[in-house]
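In what follows, a structure is listed as structure tokens, so that the remarks can point back to it.
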Amino acid sequence: MKAAEIFDLKGRVALVTGASGGLGLRFAEVLAANGASVALVARRADRLAEAKVRIEKAGGKAIAIEADVLDRAQMNRAFDQAEKALGTVTILVNNAGVAHSTRATDLSEDEWRHVVGTNLDAVFFWAQEAARRMLAANKKGSIINIASVLGISVSKGTVAYAAAKAAVIQMTKTLGLELAFKGVRVNAIAPGWFVTDINREYLSGPGASLTRDIPIGRFGQDGDLDGALLLLASDAGGYMAGTTVVCDGGQVVAIRG
Ligand SMILES: NC(=O)c1ccc[n+]([C@@H]2O[C@H](COP(=O)([O-])OP(=O)(O)OC[C@H]3O[C@@H](n4cnc5c(N)ncnc54)[C@H](OP(=O)(O)O)[C@@H]3O)[C@@H](O)[C@H]2O)c1
Numbered sequence: 016m017k018a019a020e021i022f023d024l025k026g027r028v029a030l031v032t033g034a035s036g037g038l039g040l041r042f043a044e045v046l047a048a049n050g051a052s053v054a055l056v057a058r059r060a061d062r063l064a065e066a067k068v069r070i071e072k073a074g075g076k077a078i079a080i081e082a083d084v085l086d087r088a089q090m091n092r093a094f095d096q097a098e099k100a101l102g103t104v105t106i107l108v109n110n111a112g113v114a115h116s117t118r119a120t121d122l123s124e125d126e127w128r129h130v131v132g133t134n135l136d137a138v139f140f141w142a143q144e145a146a147r148r149m150l151a152a153n154k155k156g157s158i159i160n161i162a163s164v165l166g167i168s169v170s171k172g173t174v175a176y177a178a179a180k181a182a183v184i185q186m187t188k189t190l191g192l193e194l195a196f197k198g199v200r201v202n203a204i205a206p207g208w209f210v211t212d213i214n215r216e217y218l219s220g221p222g223a224s225l226t227r228d229i230p231i232g233r234f235g236q237d238g239d240l241d242g243a244l245l246l247l248a249s250d251a252g253g254y255m256a257g258t259t260v261v262c263d264g265g266q267v268v269a270i271r272g
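For the sequence shown, the working numbering assigns the number 16 to the initial residue and increments by one for each residue that follows.
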């Protein structure tokens, strides 16, 4: 089998949440470049419109859908819109996420609920809706949840984020178990540090020295998640279900020194 064939996504319909920037924009571009039609979802409509133009200029197909992942009515509308324009979504990249740096004793209830709501509750409800629609349409598919190395190890000031991401890894196992035999594979990617809007201030300043703890010796950069994404989205990952692929330059296995 040739790599170009086994990773080919022609005829697939993908929906990427948080596609207005950062990792999600890259995920959408890579899926489109490999043949999928892509529904781009986020709140910032102007950024989505730019992303759609970029993808189309590169020869891909995309539509932009403004939606807040925390809003169930907007979620249903987003799937309806994607379905009407492109067909049943058979690849969901559950990527939208927010971070915080507040220590546990200072964390407000609102901040806890916002971080857990976005990084865990919404990931479940979007996966549930995507799976329901795939099953109703009798289609096979792939759901890819974006977890984090902070779902495996922890650092200070990440209590809500780390708890939500760890739960995403467990949820991925359960959904993988329940849905794989029905043809819907659910897996996760746990990225290490990538400099994006979510952490730019920290990683470009006080956190810059964190590269010392990364065996590969640098933060992640554009392209470092492409392989994991295409593996899980395509037939190349056809025997993978409920697993989390860690892409972190070796960070979680390393003990400092
Ligand atoms: N960067 C890293 O080092 C890293 C490491 C591990 C895991 N991750 C995970 O990777 C994912 C992407 O993060 P990133 O680094 O690309 O961060 P980012 O650049 O800040 O992007 C976050 C994306 O999520 C969207 N989003 C946030 N809240 C939303 C909401 N309520 N409704 C709809 N969209 C929402 C944002 O779009 P709008 O603001 O336009 O809505 C944006 O497109 C997150 O799940 C993050 O936890 C990142």
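Glycine included, each C-beta is placed from N, C-alpha and C at the ideal position.
Relative to Q266, the option among F209, D61, T32 whose CA is nearest is F209.
For L194, same chain residues with a beta-carbon under 7 Å away, outside a window of 5 residues either side, are A146, V201 in chain order.
Setting aside the 5 residues that flank it on each side, N214 is surrounded in the same chain by A114, W208, G222, each with a C-beta closer than 8 Å to its C-beta; the list follows chain order.
As DSSP reads the structure, S170 sits in no beta bridge. With 16 or more other Cβ atoms inside 10 Å of its own Cβ, I204 counts as buried.
Separation of the CB atoms of L38 and V56 is rounded to 14 Å, and the pair is thereby denied contact status at 8 Å. Residue pairing by DSSP puts A79 in a beta bridge opposite L55. With contacts defined by Cβ atoms closer than 9 Å, I70 and A77 form a contacting pair. Bounds of the beta strand (DSSP E) holding S157 are 156-161. Boundaries cannot be given for N49, as no beta strand (DSSP E) includes it and DSSP labels it neither H nor E. In this structure, the straight-line span from the alpha carbon of I231 to that of V164 is close to 15 Å. In this structure R118 is not in contact with G74, their Cβ atoms being roughly 47 Å apart against a cut-off of 8 Å. In the DSSP assignment, V130 falls within the unbroken alpha helix (DSSP H) covering 124-131.
In this structure, I106 places its C-beta atom within 9 Å of the C-beta atom of R27. Using a cutoff of 8 Å, the CB of V210 counts as near ligand 1, since one of the ligand's heavy atoms is closer than that.
Set against 8 Å, the gap from the CB of V56 to the closest heavy atom of ligand 1 is smaller. Between the alpha carbons of G156 and M149 lies a gap of roughly 7 Å. The Cβ atoms of G132 and L85 lie closer than 9 Å to each other. Residue pairing from DSSP places F209 in a beta bridge opposite G235. Collapsing the DSSP output to three states places I229 in coil. The C-beta distance from A137 to A111 rounds to 7 Å, short enough to fall under 8 Å.
Counting along the chain, V260 sits inside the beta strand (DSSP E) bounded by residues 259-262. Looking at the DSSP output, A114 sits in no beta bridge, so it has no partner there. Distances between the C-beta of P221 and the heavy atoms of ligand 1 are all 8 Å or more.
Around W141, the same chain offers T32, V84, M90, L107, N109 as residues with beta carbons nearer than 7 Å, after the five sequence neighbours per side are excluded. The Cβ-Cβ distance between D23 and D250 falls below 9 Å. Taking non-hydrogen atoms of ligand 1 into account, the C-beta of S163 is found less than 8 Å away from one of them.
Relative to ligand 1, the beta carbon of I213 is positioned inside 8 Å of a heavy atom.
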